[in-house]
Structures are given as structure tokens and as C-alpha cells.
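Participant:
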Amino acid sequence: MKSLKSLQQKFSGRGPLIHVVLDGWGVGAPDETNAIHQATLPIMDRLRQNFPYTELWTHGKYVGLPSENDLGGSEVGHMTMGAGIIKQQGPTLIRKLIQSGDFFKIPALSKIIKNCLNHNTPLHLLGLLSDGNIHSHLDHMQAIVRYGFQAGIRRCYIHALLDGRDVGVQSALSYTEPFEKLFAELKEQRAEIDYAFASGGGREALTMDRDNNWEKVEAGWNIHVQGKSENSFPCIKDAIEYFRIKSPGIIDQDIPGFVIVRNGKAIAPIEDNHGLIFTNFRGDRAIEFSRAILADDFPHFDRPVRPKVMFAGMTQYDQDNEIPPEYLVGTPKVETLSVSVFWNLV
């Protein structure tokens, strides 16, 4: 084993600098609800007692999120540290684009809508049904639903991933109900449309994986794409209420996957020439399912039916590998300070 050597490079003539990031570490209420306060932390306590320190706000507008109700997170924090300025995060950019109307001029969105109109095929929206603003926001999905309706889309289906993690643990119905009201409102205006939930399940049960748990992704593939599940219901409310009766106390994120059926058949499997938008804006839990949709060479599970769909993400989830190649909103950019500029500042 090699012994550690002291850092030789000096920083601004005052000695070395160590930048340590502790994800999830924060200053909270000094009570029994605070794990950090309850823990024995001799090193951190000594640092705080003997050296200068400061505290920073890491949520809401302080880190470029839309409102003071929006929690910070590791991805937001990593993009903010060292930037020197507050950068608008993904949800802020999306909200402003929707408010200005520029969102509906985005080429990738127009391309998918046009594809559905030309082929008379459905528009599918897959995403976390939440207003937690960590992975998604239901306002973004509703904006696309309304735009699709105005553009003449006859069939639009929601594949709902239930949260219970970034929001209340049993709050799913408070997010499905606004969509049911929206569907009814739109149908009153044009009776021939079919707008509905098509499938669903908890975010920890299917689809939203980031740990190479391909069985979880495959479960999402079978349910969303093929419309196959041992759990089927006439509506999403029945599904959620059934699992809460079956397993009292079950958290929304753990609700098993299910499909919505009519006359014994899944109402909306994803097929050739359909349009599909993954409405999550955070990439880490959207990359794997996107790969399952897009990749020609895919060894992780069998795709007996691989539909040729027009697919886009809300953002580009993996910029290094360009996944997906079609996306609606670019990720926020953070400039890098050059060494020469930095040394002029210190």
C-alpha cells in the first residue's frame, strides 16, 4: 500500500485547499428529526468549534429553482458550486419557456406532434407524476397535453410513475385527479378524443432506475410498451386504492406496476409510429429506459416487440452519449473560469 503524501501545491500563497462535497449534509433543526444532530461527529464538531465557517441556502431561487418551495438536491448543488453565479436550473427554464409560449415552438415537440397527426397515432407521455420539481413537474406534462389537444391530437395517453418520495408518501391521488379533470374538460370541447391514463406504478417498482437494475426497467417496458401486467384496472384511481387496501401503509413509490384496460385489453400499448415523450427533466433515472427505447444493440433484456416510435426526452439525459438524440429543452450551461482569470481574482 502506498503511503499518502502531503499536497505540495500552494493555493493563493495560503496553503492547500481541500474541496469536500457531502451530498445530503445540511444544517437542520437541532432535534430528534435531524439525523446529523443526533449522530456523534467528533471531527465535524471540532471543525465547527475551532475554525471559521458559514452557512448557505441550497434551495429555491438561491440555486436557480422556480420557487422557495423547491428543495435543492445533489444535481442542483453540483451545478451551482463554484459557478460564481446563480444558474437557472432545468425546471426554471422549462417553466419560463412554457409561460412565454416558446416551449411550443421547440422543433422536437413539433416533430412528434406532426408525426402523430400524419400517422393518426397516439401521443404518449411517460413521467413522474409529481410537483416535487426534483425529477419532473406535472405542470409540464399538462402543458403538453393541452398543446396536443390544440394541435388536433385525438388520442393522448399518460404512463404515470407515482412518486411518494419527493412529495407526500401517499399523495398519488392528488396528482392523478387534476389530470382526470383535464381529460373531462377537453372531452367536453371535443367528444371524439380519447385522453386517459394507460399504465402506472411506483417509481421504485419500475422504469426509473439508475443502478443497472434492468429487471426494474424491463418491468416498465412490459407495462408501458407492451401493455402487459398481472395487475389491470379500469382506471388509475381503482389501481391506487386497491394496493392501499391490499397493503395498508404502502408508499406510492412502491406501488406495483399496472395497466389500464377496456374490454379486457390494455388501452394503449406503444406501437409503431406512435409519439413518446419522457417528461422527466432529470436524467439519472431516465437514461436506462431511454436506452431500452432507442438502442439497436441492447443486451439487458429481451424486447420481443420493439416499436419504431418517435421519441424525445424533456432534456438530454446523457450528453456524452447523446441520449436521447431528440429532446425538448437544453440543460443549463455552467461556464468554467480559466486559471488565469481565477488567479487575477485572488
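Numbering (this note's numbering), first residue to last: 113 to 458. The beta-carbon is built from N, C-alpha and C at its ideal position, and this holds for glycine as well.
1) So the beta strand (DSSP E) D306 belongs to, where does it begin and stop?
2) Could you give the distance in angstroms between the alpha-carbon of Y429 and the alpha-carbon of D396?
3) Kindly give me the distance between the Cβ atoms of F309 and I372, rounded to whole angstroms, as I take these residues to be in contact under 8 Å.
4) Name the one or two DSSP bridge partners that G425 has.
5) Among the residues of its own chain, which have a CB less than 6 Å from the CB of G442, if the five just before and after it don't count?
6) With DSSP as the reference, please indicate the residues paired to F163 in a beta bridge.
7) Please report the distance separating the alpha-carbon of R322 from that of S242.
8) I'd like the span of the alpha helix (DSSP H) that includes V132, first residue to last.
9) Is the beta carbon of W333 within less than 7 Å of some heavy atom of the ligand MN?
10) If you drop the 5 nearest sequence neighbours on each side, which residues of the same chain put their C-beta closer than 7 Å to that of I382?
11) Give the single residue among R258, L274, V279 whose Cα lies nearest to the Cα of K293.
12) Just list the alpha helix (DSSP H) runs in the stretch 313 to 377, keeping only unbroken ones of 4 residues or longer that don't cross its boundaries, in chain order.
13) Our contact map puts Q365 next to R315 with C-beta atoms below 8 Å; I'd like the distance itself, whole angstroms only.
14) In chain order, what residues of the same chain lie with their CB nearer than 6 Å to the CB of P437, ignoring the 5 residues before and after it?
15) When you compare only the Cα positions, how much space is there between T166 and H149?
16) Return yes when the Cβ of I367 is within less than 8 Å of the Cβ of I352, no when it is not.
17) Bridge partners of A272, per DSSP?
18) Along the chain, where does the alpha helix (DSSP H) containing S222 start, and where does it finish?
19) Going by alpha carbons, who is nearest to M193 out of V175, G138, E180?
20) From what residue to what residue does the alpha helix (DSSP H) around A147 run?
21) Classify A220 as buried or exposed, calling it buried when 16 or more other Cβ atoms lie within 10 Å of its own Cβ.
22) Classify I155: buried if its beta carbon has 16 or more other beta carbons within 10 angstroms, exposed otherwise.
23) Out of T204, P164, N162, W169, point me to the one whose CA is closest to S179's CA.
24) For N146, collect the residues of the same chain with a Cβ closer than 7 Å to its Cβ; drop the 5 residues on either side in sequence, then sort them by chain order.
25) If I follow the unbroken alpha helix (DSSP H) through H190, where does it start and stop?
26) Please name the residue in N375, I357, T288, Q262 whose C-alpha comes closest to that of K299.
27) Report the partner residues of R207 according to the DSSP bridge assignment.
28) Give me, in chain order, the residues of the same chain whose beta-carbon lies closer than 8 Å to that of H171; leave out the 5 immediate sequence neighbours on both sides.
29) Could you pull out every residue in the same chain whose Cβ sits closer than 8 Å to the Cβ of G264, ignoring the five residues on either side in sequence?
30) State the Cα-Cα distance for the pair G425 and K349, rounded to the nearest angstrom.
Facilitator: Looking at the coordinates:
1) As a working note, residue 306 is residue 194 in the sequence shown. Looking at the DSSP string, the run of the beta strand (DSSP E) that includes D306 is 306 to 314.
2) The count along the sequence shown starts at 1 and reaches residue 429 at position 317. The count along the sequence shown starts at 1 and reaches residue 396 at position 284. Straight across, the Cα-Cα distance linking Y429 with D396 is about 7 Å.
3) The residue labelled residue 309 in the question sits at position 197 within the sequence shown. The residue labelled residue 372 in the question sits at position 260 within the sequence shown. Beta-carbon to beta-carbon, F309 and I372 are separated by about 5 Å, close enough to satisfy the 8 Å threshold.
4) Start at 1 with the first residue of the sequence shown, and residue 425 comes out as number 313. Beta-bridge analysis with DSSP links G425 to F390, Y439.
5) Working through the sequence shown from its first residue, we reach residue 442 at position 330. Closer than 6 Å at the Cβ level, and outside the excluded window around G442, lies no residue.
6) For the purposes of this step, residue 163 is taken as the residue at position 51 of the sequence shown. F163 is bridged by DSSP to nothing; it lacks a bridge partner.
7) Numbered from 1 along the sequence shown, position 210 holds the residue referred to as residue 322. Numbered from 1 along the sequence shown, position 130 holds the residue referred to as residue 242. In this structure, the CA atom of R322 is about 19 Å from the CA atom of S242.
8) Along the sequence shown, read from residue 1 onward, the residue named residue 132 stands at position 20. V132 -> no alpha helix (DSSP H), and no H or E assigned at all.
9) With respect to small molecules bound, the structure shown includes none, and the ligand MN cannot be examined in it.
10) Position 270 of the sequence shown, counting from 1, holds the residue named residue 382. Contacts found: H236, H336, V337, L388, P419, V421.
11) If you number the sequence shown from 1, residue 293 lands on position 181. Cα-wise, what sits closest to K293 is R258.
12) As far as the stretch 313 to 377 is concerned, its whole alpha helix (DSSP H) runs of at least 4 residues are 326 to 332, 348 to 358.
13) The residue labelled residue 365 in the question sits at position 253 within the sequence shown. The residue labelled residue 315 in the question sits at position 203 within the sequence shown. Confirmed, about 5 Å.
14) By 1-based counting over the sequence shown, the position of residue 437 is 325. For P437, where only same-chain residues beyond five positions count, there are no Cβ hits under 6 Å.
15) Working through the sequence shown from its first residue, we reach residue 166 at position 54. Working through the sequence shown from its first residue, we reach residue 149 at position 37. C-alpha separation (whole angstroms): 17 Å.
16) Locating residue 352 in the sequence shown gives position 240, counting from the first residue. Locating residue 367 in the sequence shown gives position 255, counting from the first residue. Contact flag set, yes.
17) Counting from 1 along the sequence shown, the entry for residue 272 is found at position 160. In the DSSP secondary-structure assignment, A272 is bridged to G239, G312.
18) Against the sequence shown, residue 222 aligns to sequence position 110. Start and end: 219 to 231.
19) As a first step, residue 193 must be located in the sequence shown, where it is residue number 81. Comparing Cα-Cα distances from M193 to each of V175, G138, E180, the minimum goes to V175.
20) Here residue 147 is taken as the residue at index 35 of the sequence shown, counted from 1. Where A147 is concerned, the enclosing alpha helix (DSSP H) stretches over 147 to 150.
21) Taking the first residue of the sequence shown as position 1, residue 220 is located at position 108. Under this definition A220 is a buried residue.
22) Within the sequence shown, residue 155 is the residue found at index 43, counting from 1. Exposed, since its Cβ has fewer than 16 Cβ neighbours within 10 Å.
23) Translated into the one-based positions of the sequence shown, residue 179 becomes position 67. Ranking the options by Cα distance to S179, first place goes to T204.
24) Within the sequence shown, the letter at position 34 stands for residue 146. Contacts found: G140.
25) In the sequence shown, counting from the first residue as 1, residue 190 sits at position 78. Element bounds for H190: 186 to 192.
26) For the purposes of this step, residue 299 is taken as residue 187 along the sequence shown, with counting starting at 1. Comparing Cα-Cα distances from K299 to each of N375, I357, T288, Q262, the minimum goes to Q262.
27) Along the sequence shown, read from residue 1 onward, the residue named residue 207 stands at position 95. R207 is not bridged to any residue.
28) Here residue 171 refers to the residue found at position 59 when the sequence shown is read from its first residue. Within its own chain, the residues whose Cβ lies closer than 8 Å to the Cβ of H171, once the five positions on either side in sequence are excluded, are L177, E180, D182, L183, G184, listed in chain order.
29) Within the sequence shown, the letter at position 152 stands for residue 264. For G264, where only same-chain residues beyond five positions count, the Cβ hits under 8 Å are L229.
30) As a position in the sequence shown, residue 425 is number 313, starting the count at 1. As a position in the sequence shown, residue 349 is number 237, starting the count at 1. If I take the Cα positions, the gap works out to 27 Å.
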